[in-house]
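Asker: The end of the sequence shown is residue 1665 by our numbering, with every number in the run present. A virtual CB, placed ideally from N, CA and C, is assigned to each residue, including glycine. Here the structure is a predicted model, which means the values were calculated and not measured. Just dropping this structure here.
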Amino acid sequence: MKFSSEIMEELDLKSHWNNAYDKTKTKNLGWFEETCAPSIDLINSCHLNKKSCILNVGAGTTLLIDELIALQYTNLIANDISNIALDKIKKRLGSNKKHVKFIIDNLLKPSSLNLINPVDLWHDRAVLHFFTDKEDQKAYFNLLKTKVKLGGYVIIATFNLEGAIQCSGLPVQRYNKAMISKRLGKNFNLIKCFDYTFYNPSGDSREYIYTLFKRNSM
Ligand SMILES: C[S@@+](CC[C@H](N)C(=O)[O-])C[C@H]1O[C@@H](n2cnc3c(N)ncnc32)[C@H](O)[C@@H]1O
């Protein structure tokens, strides 16, 4: 059972993100990527079957979903706490939305996400770094660990130690590969890792680390 302060926190978080997506066009969002090349390169290197289930957590309005459909992936899940963001993807995709299950849910207090079968790939770009509270980080990694199959992959792209200290007006936790590896634990092997400078629509740079892990045991 949720206490009223928890419900308020969740509503605040939801309205923060809904407000961002409501008042700003996708192409003007500070985290907008014209192409999701670094993610696509990592996903290609996994050599997944086109029917593999790819869960994009905190998808927002990312074009990654469109790019994966163009690559003929047919079993996608787009999750976000913001219903406005997911509605924008749905509208943009038109009939291609049949390849995507949309799940509005809070990664930190999941309900519908708890019900999905384990996935072949968990993809997160620019979501984990918003979880600055230790309990929230624990909740995020607990969910990830229950939702990635044996032999499945995890891509986490997050601000690196040179990265910004805020995004969307919120404080962030920055990571290096040792910190992410530690959180995932011994059941996940690091396969690839690189630093990446992202230039946002205003031309400002943001330093990311991209990591790809494979689950070797449960
Ligand atoms: C900076 S945006 C990145 C969006 C997308 N991944 C991209 O690369 O364009 C962060 C996203 O995380 C979502 N988000 C933040 N907290 C969340 C939570 N607790 N559960 C689910 N989504 C969340 C936000 O709504 C937002 O869409």
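Alpha helix (DSSP H) containing residue 1582: first to last residue?
Answerer: Looking up residue 1582 in the sequence shown gives position 135. 1581–1594 is the span of the alpha helix (DSSP H), which, as asked, contains residue 1582.
Asker: For residue 1618, which residues from the same chain have a beta carbon less than 6 Å from its beta carbon, with the 5 sequence-adjacent residues on both sides left out?
Answerer: The residue labelled residue 1618 in the question sits at position 171 within the sequence shown. Around residue 1618: 1579.
Asker: Any chance the CB of residue 1488 is under 6 Å from a heavy atom of ligand 1?
Answerer: The residue given as residue 1488 occupies position 41 in the sequence shown. No, since every heavy atom of ligand 1 falls outside the 6 Å radius drawn around the Cβ of residue 1488.
Asker: Taking 7 Å as the cut-off, decide whether the C-beta atoms of residue 1606 and residue 1621 are in contact.
Answerer: In the sequence shown, counting from the first residue as 1, residue 1606 sits at position 159. In the sequence shown, counting from the first residue as 1, residue 1621 sits at position 174. Yes, these two residues count as a Cβ contact at 7 Å.
Asker: Hey, out of 1554, 1609, 1608, whose CA is closest to residue 1590's CA?
Answerer: As a working mapping, residue 1590 is identified with position 143 in the sequence shown. Closest in C-alpha terms to residue 1590, from the list 1554, 1609, 1608, comes 1554.
Asker: Using the C-alpha atoms, what's the distance from residue 1536 back to residue 1614?
Answerer: Here residue 1614 corresponds to residue number 167 of the sequence shown, with the count starting at 1. Here residue 1536 corresponds to residue number 89 of the sequence shown, with the count starting at 1. For residue 1614 and residue 1536, the distance between alpha carbons rounds to 22 Å.
Asker: Could you give the uninterrupted runs of the alpha helix (DSSP H) lying entirely in the segment 1462–1506, keeping only those of 4 residues or more?
Answerer: 1484–1492
Asker: When the Cβ atoms of the segment 1461–1470 are set against those of the segment 1526–1536, are three or more pairs found closer than 8 Å?
Answerer: Touching, per the Cβ criterion.
Asker: Does the contact criterion of 3 or more C-beta pairs under 8 Å hold for the segment 1485–1496 versus the segment 1559–1575?
Answerer: yes
Asker: Where DSSP assigns a beta bridge to residue 1656, which residues make up the other side?
Answerer: Here residue 1656 refers to the residue found at position 209 when the sequence shown is read from its first residue. 1605, 1642, per the DSSP bridge assignment.
Asker: Taking only heavy atoms of ligand 3 into account, decide whether any of them is closer than 6 Å to the Cβ of residue 1462.
Answerer: Ligands in the displayed structure: ligand 1; ligand 3 is not one of them.
Asker: Less than 8 Å between the CB atoms is what I'm expecting for residue 1568 and residue 1602, so what's the real figure, rounded?
Answerer: As a position in the sequence shown, residue 1568 is number 121, starting the count at 1. As a position in the sequence shown, residue 1602 is number 155, starting the count at 1. The pair is a contact, with the Cβ atoms about 7 Å apart (cut-off 8 Å).
Asker: Assuming residue 1523 and residue 1490 are in contact, meaning their beta carbons sit under 8 Å apart, how far apart are those beta carbons, in whole angstroms?
Answerer: Taking the first residue of the sequence shown as 1, we reach residue 1523 at position 76. Taking the first residue of the sequence shown as 1, we reach residue 1490 at position 43. Actually they are not in contact, since the Cβ atoms of residue 1523 and residue 1490 sit about 11 Å apart, beyond 8 Å.
Asker: What do you reckon, is the C-beta of residue 1478 under 6 Å from a heavy atom of ligand 1?
Answerer: Residue numbering aside, residue 1478 sits at position 31 when the sequence shown is read from its first letter. Yes, the beta carbon of residue 1478 sits closer than 6 Å to at least one heavy atom of ligand 1.
Asker: Under 6 Å: does the beta carbon of residue 1532 sit that close to some heavy atom of ligand 1?
Answerer: For this step, residue 1532 is matched to residue 85 along the sequence shown. It does: the Cβ of residue 1532 is within 6 Å (strictly closer) of some heavy atom of ligand 1.
Asker: Reducing DSSP to helix, strand and coil, say where residue 1651 ends up.
Answerer: Indexing the sequence shown from 1 puts residue 1651 at position 204. In this structure, DSSP gives residue 1651 a state outside helix and strand, which the three-state scheme calls coil.
Asker: Excluding the five sequence neighbours on either side, which residues of its own chain have a C-beta within less than 8 Å of the C-beta of residue 1506, listed in chain order?
Answerer: Position 59 of the sequence shown, counted from the first residue, corresponds to residue 1506. Within the same chain, residue 1506 has close Cβ partners 1512, 1525, 1526, 1527, 1532, 1533, 1536.
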